[in-house]
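Per the numbering used here, the sequence shown starts with residue 77, numbered consecutively. Shown next, in structure tokens, is the structure this report addresses.
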Amino acid sequence: MAFQLNDKIALVTGGSRGIGLSTAEYLAGLGAKLFLVDIDEEGLNQTIANLKERNIEAAGATADISNSEGAQKSIAACIEQYEKIDILVNNAGITRDTLSVRMKDADWESVLKVNLTGTFYMARAAAKLMMRARSGRIINVASVVGLMGNAGQANYAASKAGVIGMTKSMAKELASRGVTVNAVAPGFIETKMTAALSESAKEMMLKNIPLARYGKPEEVASSIAFLASDEASYITGQVIVIDGGLNM
């Protein structure tokens with residue numbers, strides 16, 4: 077039987093587009109109720125309206141999760157709406173790509189602040205509730221770049237490598253309370269973020285992918301959904317690489 081998430085409450089950050097939206101839709105298809113968090117208020121409201129038109133139960137909050145107050149606000153809003161959080165998907169992230177020697181302080185700091193610090197703030201806030209409930213799933217969206225590095229992405233690679241280390245550490249801390257913490261590490265996935273890369277960069281990346289194609293957001297979403305399910309209850313502290321064989 078296919079795994080189910082009936083009546084589970086799933087909070088997804090960066091949920092109004094890309095991998096976040098695909099993940100939200102996939103979780104909803106398995107029975108989860110959605111709470112989306114995004115800094116883009118207009119995009120978030122439109123996404124929630126679109127989901128409701130399809131009879132998908134969804135609510136959300138606009139917040140900047142890169143600061144502790146924004147993260148706590150998001151968690152509190154979800155609790156007010158649904159009274160619990162069963163699944164947290166930390167998907168929100170940004171890029172500010174350039175060579176290290178040209179990278180401005182703000183480019184470094186903003187990427188680390190959103191991708192790593194924001195992920196930590198959300199996970200920390202959710203973990204406190206999940207520990208009391210003695211149940212929960214935290215899934216962090218890292219990147220294959222955090223495992224192998226990439227020219228022009230020192231900030232992004234550092235942030236995602238940090239997410240992987242944080243995932244393993246929190247997994248050890250929370251396991252005794254029935255809370256699992258895992259990560260997925262997507263490779264080159266067709267989203268607006270990767271669409272911003274130059275054509276030469278895209279061509280070079282494709283040559284290095286054994287499956288000879290880019291991934292789709294739903295291919296990441298399905299792995300996240302599995303980690304959120306009861307079928308993955310004995311998996312924690314792991315990183316599932318979804319990259320078509322790029323990092324072999």
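Cβ atoms here follow ideal geometry from the backbone N, Cα and C, with glycine treated the same way.
Q | Cutoff 9 Å: S92 Cβ touching any chain B Cβ | A | Going by chain labels, chain B is absent from the structure shown, which holds only one protein chain.
**Q.** N166 - partner residues in DSSP beta bridges
**A.** Within the sequence shown, the letter at position 90 stands for residue 166. N166 pairs with N216.
Q.
According to DSSP, is I155 part of a helix, a strand, or is it coil?
A. Here the question's residue 155 lines up with position 79 in the sequence shown. In this structure, I155 counts as helix in the three-state DSSP scheme.
Q) So I300 is in the alpha helix (DSSP H); what residue range does that whole segment cover? A) Reading the sequence shown from its first residue, position 224 is the one you call residue 300. Start and end: 293-304.
**Q.** Proximity below 9 Å, CB of N216 to CB of N166
**A.** The residue you call residue 216 lines up with position 140 of the sequence shown. The residue you call residue 166 lines up with position 90 of the sequence shown. Yes, these two residues count as a Cβ contact at 9 Å.
**Q.** Member of I163, T193, N126 whose CA lies at the smallest distance from the CA of E145
**A.** Locating residue 145 in the sequence shown gives position 69, where the first residue counts as 1. Among I163, T193, N126, the Cα nearest to that of E145 is on T193.
**Q.** N121 - containing alpha helix (DSSP H), residue span
**A.** What you label residue 121 is simply residue 45 of the sequence shown in a count that begins at 1. Its alpha helix (DSSP H) spans residues 117-129.
Q: Taking A135 as the reference, give the member of I141, E118, G119, V113 with the closest Cα.
A: Within the sequence shown, numbered from 1, the residue matching residue 135 stands at position 59. Considering only alpha carbons, the answer is V113.
Q. Between the C-alpha atoms of G291 and I115, what's the straight-line distance to the nearest angstrom?
A. The residue you call residue 291 lines up with position 215 of the sequence shown. The residue you call residue 115 lines up with position 39 of the sequence shown. Distance between the alpha carbons of G291 and I115: 25 Å.
Q) Where G90 and A104 are concerned, what is the direct C-alpha to C-alpha distance, given to the nearest angstrom? A) As a first step, residue 90 is located in the sequence shown; it is residue number 14 there, counting from the start. As a first step, residue 104 is located in the sequence shown; it is residue number 28 there, counting from the start. Rounded to the nearest angstrom, the two C-alpha atoms are 16 Å apart.
Q: Just mark D162 as buried or exposed, buried being the case when its beta carbon has 16 or more other beta carbons within 10 Å.
A: Residue mapping note: residue 162 aligns to position 86 of the sequence shown, counting from 1. Result: buried.
Q: Could you spell out where the beta strand (DSSP E) holding I85 opens and where it closes?
A: The count along the sequence shown starts at 1 and reaches residue 85 at position 9. It spans 85-89 - the beta strand (DSSP E) in which I85 sits, taken as one unbroken run.
Q.
With H, G and I counted as helix, E and B as strand and the rest as coil, what does DSSP make of T193?
A. For the purposes of this step, residue 193 is identified with residue 117 of the sequence shown, where counting begins at 1. Here T193 sits in helix by DSSP.
Q.
For a test of the three-state rule: what should DSSP assign to G136, helix, strand or coil?
A. Residue 136 sits at position 60 when you count from the first residue of the sequence shown. Looking at G136 - three-state DSSP - the assignment turns out to be strand.
Q | Cβ shell of N82 (< 6 Å), same chain only, five flanking positions each side left out | A | Locating residue 82 in the sequence shown gives position 6, counting from the first residue. Around N82: G107.
Q: Put T312 into one of helix, strand or coil per three-state DSSP.
A: Numbered from 1 along the sequence shown, position 236 holds the residue referred to as residue 312. Of the three classes helix, strand and coil, the one that applies to T312 here is coil, per DSSP.
Q | Minimum C-alpha distance to D306 - residue among G222, G212, T267, M242 | A | Locating residue 306 in the sequence shown gives position 230, where the first residue counts as 1. Per the Cα distances, G212.
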